[in-house]
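Notes for the one structure printed next.
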Amino acid sequence: MAPKVLISDKLSPAAVQIFKDRGIEVDFQPDLGKDKDKLAEIIDQYDGLAIRSATRVTPTILKNATNLKVIGRAGIGTDNIDKEAASKKGVIVMNTPFGNMITTAEHAIAMMFAVARQIPEASASTHAGKWEKSKFMGTELTGKTLGVIGAGNIGGIVCDRARGLKMKVLAFDPFLSTDKANKMGVEKVELDDLIARADFITLHVPKTEQTANMITAERIAMMKPGVRIINCARGGLVDEAALAEALKSGHVAGAAFDVFAEEPAKENALFNLPNVVVTPHLGAATTEAQENVALQVADQMANYLLTGAVENALNMPSVTAEEAKVMGPWVKLAGHLGSFVGQMTDEPIKAINILYDGVVSEMNLEALNCGVIAGIMKRANPDVNMVSAPVVAKERGIKISTTNQDKSGTFDGYIKVTVVTSKRERSVAGTVFSDGKPRFIQIKGINIDAEIGQNMLYTTNEDVPGIIGLLGNTMGKNGVNIANFTLGRNSVRGEAIALLYVDNPIPNDVLQTLENTGMFTQVKPLAFDVAG
Numbered sequence: 039m040a041p042k043v044l045i046s047d048k049l050s051p052a053a054v055q056i057f058k059d060r061g062i063e064v065d066f067q068p069d070l071g072k073d074k075d076k077l078a079e080i081i082d083q084y085d086g087l088a089i090r091s092a093t094r095v096t097p098t099i100l101k102n103a104t105n106l107k108v109i110g111r112a113g114i115g116t117d118n119i120d121k122e123a124a125s126k127k128g129v130i131v132m133n134t135p136f137g138n139m140i141t142t143a144e145h146a147i148a149m150m151f152a153v154a155r156q157i158p159e160a161s162a163s164t165h166a167g168k169w170e171k172s173k174f175m176g177t178e179l180t181g182k183t184l185g186v187i188g189a190g191n192i193g194g195i196v197c198d199r200a201r202g203l204k205m206k207v208l209a210f211d212p213f214l215s216t217d218k219a220n221k222m223g224v225e226k227v228e229l230d231d232l233i234a235r236a237d238f239i240t241l242h243v244p245k246t247e248q249t250a251n252m253i254t255a256e257r258i259a260m261m262k263p264g265v266r267i268i269n270c271a272r273g274g275l276v277d278e279a280a281l282a283e284a285l286k287s288g289h290v291a292g293a294a295f296d297v298f299a300e301e302p303a304k305e306n307a308l309f310n311l312p313n314v315v316v317t318p319h320l321g322a323a324t325t326e327a328q329e330n331v332a333l334q335v336a337d338q339m340a341n342y343l344l345t346g347a348v349e350n351a352l353n354m355p356s357v358t359a360e361e362a363k364v365m366g367p368w369v370k371l372a373g374h375l376g377s378f379v380g381q382m383t384d385e386p387i388k389a390i391n392i393l394y395d396g397v398v399s400e401m402n403l404e405a406l407n408c409g410v411i412a413g414i415m416k417r418a419n420p421d422v423n424m425v426s427a428p429v430v431a432k433e434r435g436i437k438i439s440t441t442n443q444d445k446s447g448t449f450d451g452y453i454k455v456t457v458v459t460s461k462r463e464r465s466v467a468g469t470v471f472s473d474g475k476p477r478f479i480q481i482k483g484i485n486i487d488a489e490i491g492q493n494m495l496y497t498t499n500e501d502v503p504g505i506i507g508l509l510g511n512t513m514g515k516n517g518v519n520i521a522n523f524t525l526g527r528n529s530v531r532g533e534a535i536a537l538l539y540v541d542n543p544i545p546n547d548v549l550q551t552l553e554n555t556g557m558f559t560q561v562k563p564l565a566f567d568v569a570g
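In terms of my numbering, the sequence shown is residues 39 to 570.
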């Protein structure tokens, strides 16, 4: 029987034709996504579900999806899909992460022109018959300095287009190497340096704990008088109230925003201010982009349903069904090892070296490599997956090397990940026990045996008495319950480490209390995705 796919959002007719041409039965109901009850009622009839943003795939929908095998999102954002519920249900979630890069970058450039020349206000004035030529004095882009925050896929295109406009480009990106920056023709700088020097600032980063409100009132005050700020990335990267005050004072000459902290944005501190250009999240809204993502998602879903090939999956490694049974725990371990070194590394990464020992060396190393790389890159870009992460790493000039060897130690197999930066090397190793649970077995060359939990605390210190009591007492006094406590050291009175698995995220004031003791050389909270 031919697979059957439901398209519940408005997708290009060309996507419908792709399914038909591949022998897949397709049901095109572009308005169904708005009716969650009707969708829940009929979803059990389909093997695949192709959507955009209007359809919300909830646990209720998935509970009824008894035959569903794959969800394809035409676009990059998957906030409308409960990915954890989909994973538990065994449903693959795919997106199309590269289909709208050029469109979004072009929108940022268009917004920069619009705010530089006050085009929307001048247009409205002229439509009103006012002919206020002297009122709308603009500024040229040629020769100006553009600060690009986030030089990944979209930011990299903006850098290229800006150089074509004869702008000087500064780029801040923790994962951008100096070699890669040189090849791009941009100057790699720290964030505060960019803030202080740029005439125009454009943001191209995802919203994470590290990037939320990264443009604060304090950073706005550091900017050059007359700066103009563009945000076509994610809402909530800029303190909108602080920016509004800076616009009113004249310190910031203009702003162009396509995204807002709350959307749909019916009200906002930036609305109705002079020389503020706003659009309703149009970054990916071009005919070409929508056509591209629709065609891509149809191809990907058809490939999976007909051949089992997995492309751009957010919740499953690219492995065969036979491999998945054996590799599942090792793929999780690979992701955890990558996540550990990714969370520990703040400077640009030059190389990632991965060692496979024993039984794991005979597995699908490409998929395991993708798991490691995705774990590392997710700190800076949560949207990456096991397919897109290696592409992102390559674009940023990161060298990936893999070594496999026969069993060489106590364990039947293990994986060791080493990240190389210009300042240091950082390594972590792990294995999978007979119960199928991943474990950390070595950090910085120090042997340990640590269970991996969702919330953890990593500390380093000189090997002196009292550290165990200090950690335990501090956690206890502040209501932090320790589920597992692992210690290791390289020698007596040498360097020692502790890895605590705790029930909940550790409050910042508790971390500060530990740092204030002066007993630790490093205090680092860690988080791992252990669902599924």
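C-beta: ideal position from N, C-alpha, C; glycine also. Note that this is a predicted model, so its numbers are computed, not measured.
| query | result |
| --- | --- |
| Close-in-space but distant-in-sequence residues of the same chain around alanine 103 (CB under 8 Å, 5 per side omitted) | Ile81, Asp82, Tyr84, Leu87, Lys127, Val129 |
| First and last residue of the uninterrupted alpha helix (DSSP H) at alanine 53 | 51–59 |
| Assigned exposure category for lysine 388 - 16 Cβ within 10 Å defines buried | buried |
| Run of the alpha helix (DSSP H) containing arginine 257, from where it starts to where it stops | 255–260 |
| Integer Cβ distance of isoleucine 506 from valine 457, believed to fall under 8 Å | The Cβ separation is near 29 Å, so there is no contact. |
| Element boundaries [beta strand (DSSP E), containing leucine 525] | 520–527 |
| Assigned exposure category for glutamine 312 - 16 Cβ within 10 Å defines buried | This sequence places proline at residue 312; glutamine is not what is there. Answer is exposed; the Cβ neighbour count stays below 16. |
| Length of the line joining the Cα atoms of valine 110 and alanine 154 | Residue identity check: residue 110 is glycine in the sequence provided, not valine. Distance between the alpha carbons of glycine 110 and alanine 154: 39 Å. |
| For valine 316: DSSP bridge partner residues | Phe295 |
| Glutamine 560 versus Thr551, Asp277, Asp120, Asn105, residue with shortest Cα-Cα distance | Thr551 |
| Distance between threonine 98 and arginine 257 (C-alpha atoms, nearest Å) | 44 Å |
| Rounded C-alpha distance that separates glycine 202 from valine 224 | 12 Å |
| Leucine 375 versus lysine 437: straight-line alpha-carbon distance, rounded | 17 Å |
| Cα-Cα separation, methionine 365 to alanine 332 | 32 Å |
| Three-pair Cβ contact test at 8 Å for the stretch 367–381 versus the stretch 393–411 | yes |
| Nonlocal neighbours in the same chain, by C-beta distance under 6 Å from valine 265, ignoring five residues either side | Val290 |
| Integer-rounded CB distance, given that alanine 351 should sit under 8 Å from methionine 139 | With a Cβ gap of about 19 Å, methionine 139 and alanine 351 do not count as contacting. |
| Where glutamate 178 sits in the DSSP three-state scheme | coil |
| Residues near aspartate 384 in its chain [Cβ-Cβ closer than 7 Å; skip 5 each side] | Pro212 |
| Where serine 439 falls: helix, strand or coil (DSSP) | strand |
| Buried/exposed call for methionine 39, threshold 16 Cβ in 10 Å | exposed |
| Distance, phenylalanine 295 Cα to leucine 308 Cα | 9 Å |
| For tyrosine 496, the nearest candidate out of Gly517, Leu537, Asn118 (CA to CA) | Leu537 |
| Residue range of the unbroken alpha helix (DSSP H) whose run includes proline 428 | 426–433 |
| The stretch 426–436 / the stretch 483–501 touching (three or more Cβ pairs under 8 Å) | no |
| Cβ neighbour criterion (16 or more within 10 Å) applied to alanine 152 | buried |
| Segment contact, 8 Å Cβ cut-off, at least three pairs: the stretch 467–481 with the stretch 516–523 | no |
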